[in-house]
Amino acid sequence: MTFSGGTVELHGHRGARGLRPENTLPGLAHALTLGVDAIEFDVGLTADDVVVLNHDQVLSPVNVSDTAPVRPGDPQFPYVGKALRELTLAQIRTVDAGVRRPAADDDPFALTQLPLPGTPLPTLAEVCALLSAAPEVRPAVELKTDPGWSDSEVTRFTAAVAEVLEAFGLTGRSRLLAFDWRVLVEARRYAPDAGRVALVERVTTVPGTPWLAGLDHADPAGAALDVGATALSPEMALATPDLVERAQGLALPVAVWTLNEPADMTRYVGYGVDAIVTDYPDRLRAVLSEHGLPVPTPWPGTMPVPN
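Numbering (full-length UniProt numbering), first residue to last: 1 to 307.
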């Protein structure tokens, strides 16, 4: 996997979460029209083995709401609060993902995100169809698992994601991301041409952590290299200049997340990171331009987005 040498890549987080509903086709399309190098989104697996977009493994009342059961008297309704793996695609299709309903009134995304009522959660196949029209943009697909998953479940999920990417000819330009590094091991097997991005945050890099596929938490960059990652993606609190230098010294590009304030963006541009993940691609574009760095070309026109 290559990043753009001598530049800072702009990665839209969950599409453009600060501006449009997260992990939805309209949200991803908006990021494309703003101009991004890569577009990050989260996927899970339904009970009938369909890969769908959603951040949490459980349908959260923050970003989705129930409408009606898929059939009268469905004993699993309401669906919000249930795990994706317990629900079929037909059931998940009924939820509305277009309006953020946070628990707190000061939720920053609710204050800046344009509501789009009636927007469903898309499948990975639908997203691939959208991104096929934007060949310069790299899909950054985060597979949502945790150490409680069995090895066989991780394998099944990773293989399902790889199959969809391959069907659309997107494997070679995609990056597969995971906190559960077993996914990266399986990605090397099922999607060897895709990038493999080792995600780390403070809770996954503690002594005895079950997240890093049994590798040493004390050296995240070295462990990422050992597991076969092609890039390291730490949360902002972990992305110290020393970690950036260590990773890049191992030829691992560093993509730091999630930076939404211009001051933080400027600081990490100074650290020399390879990519910045943001909920506000418009803000990062402005910061990069102020520093004389190139910005990705916006996708022209209006992207066709099925609802």
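The C-beta atom is built at its ideal place from N, Cα and C for all residues, glycine as well. Fair warning: this is a prediction, and the values are worked out from it, not measured in the lab.
Measure from the alpha carbon of residue i to the alpha carbon of each residue in the options, then state which is nearest.
i	options	result
P139	V295, A129, D282 and D180	A129
R205	A224, A191 and V244	What sits at residue 205 in the sequence shown is Thr, not Arg. Of the listed residues, the one whose Cα sits closest to T205 is A224.
T94	A104, P78 and T33	P78
T88	L116, P117, G270 and G44	G44
V8	A221, L284 and R71	L284
R188	A83, L25, T155 and A167	T155
T33	G292, V287, Y280 and P241	Y280
V287	R100, L259, R182 and P298	L259
T24	L10, L53, D48 and G6	L53
E186	E163, R202, R173 and V203	E163
P298	P135, P69, P241 and R71	P135
D146	T171, V200 and V99	V200
G249	A231, L238, P296 and W257	A231
Would you list the one or two residues that DSSP bridges to residue i?
i	result
W257	E235
H11	A38 and V277
Starting from residue i and walking both ways along the beta strand (DSSP E), at which residues does that stretch end?
i	result
G169	Counting along the chain, G169 falls outside any beta strand (DSSP E), and DSSP gives it neither H nor E.
L53	V51 to L53
A178	R175 to A178
L199	G195 to V200
Reducing DSSP to helix, strand and coil, say where residue i ends up.
i	result
S60	coil
L288	helix
N307	In this predicted model, N307 has a pLDDT of only 42, less than 50, meaning its place in the structure is not dependable; the value taken from the coordinates is given anyway. If DSSP states are grouped into helix, strand and coil, N307 belongs with coil.
D83	Residue 83 is actually Ala in this sequence, not Asp. Correct three-state label for A83: strand.
L252	coil
V43	strand
M1	Low local confidence applies: a pLDDT of 45 at M1 is under 50, so the model's placement there is unreliable, with the coordinate-based value given in what follows. In this structure, M1 counts as coil in the three-state DSSP scheme.
E245	helix
With residue i as the anchor, note down where its alpha helix (DSSP H) starts and where it stops.
i	result
G270	P262 to Y271
R182	R182 to Y190
L225	P220 to D226
Beta strand (DSSP E) runs contained entirely in the stretch 86–155, provided each spans 3 or more residues: 138–143
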